[in-house]
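> Per the working numbering, the very first residue in the sequence shown carries number 14; after that it's consecutive.
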Amino acid sequence: MNLPDCIRKARLDRGMTLAVYGGLIGRTKQYMYLLEKGKIKLSYEMAVKLAKALDTTPDKMFSGFIEGK
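1) Which class does D72 belong to by DSSP, given the choice of helix, strand or coil?
2) Flag this pair as yes or no: are the beta carbons of I38 and K62 separated by less than 8 angstroms?
3) Starting from G28, follow the alpha helix (DSSP H) in both directions and report where the run begins and ends.
4) With DSSP as the reference, label I20 as helix, strand or coil.
5) D18: which of A66, A32, G36, Y46 sits nearest, CA to CA?
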């Protein structure tokens, strides 16, 4: 699983729309769409914000990428 797929899966597992998830981190629906499509590079700071918005850690959120699943 790649990083954008991990972001999308985490969001969908919590039943969130792109707009709601983006709102939690101060970004637009369009930004979130591009992030989930891999068109925007993910910074460490953004990974932390994304995980925190879902009440998890980057390690847990991106475990599919880290484990190569």
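Beta carbons are placed, not taken as given, at the ideal position from N, Cα and C, and that holds for glycine.
The relevant details are as follows:
1) helix
2) yes
3) Taken as a continuous stretch (DSSP letters only), G28 belongs to no alpha helix (DSSP H), as it is neither H nor E.
4) helix
5) Y46
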